[in-house]
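Residue numbers (UniProt numbering): 1 to 45.
Let me begin by presenting the structure, written as structure tokens, before commenting on it.
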């Protein structure tokens, strides 16, 4: 049996607290956090 990792996506307007929410959720559940917004900003440079 192959285990799959849970994937949660959070969307919303700038300044809504998405990053804060996701960081707290990842820490409390012991999950990893992938901040796609940061990746997009780096690629845009």
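Note that CB positions come from ideal geometry on N, CA and C, so glycine has one too.
Where the alpha helix (DSSP H) through residue i begins and ends
| i | result |
| --- | --- |
| residue 7 | Element bounds for residue 7: n/a, residue is neither H nor E. |
| residue 41 | 36-44 |
| residue 16 | Looking at the DSSP string, residue 16 is not in any alpha helix (DSSP H), and its letter there is neither H nor E. |
Beta-carbon proximity of residue i to residue j, cut-off 8 Å
| i | j | result |
| --- | --- | --- |
| residue 18 | residue 33 | no |
| residue 7 | residue 21 | no |
Which of helix, strand or coil DSSP assigns to residue i
| i | result |
| --- | --- |
| residue 29 | helix |
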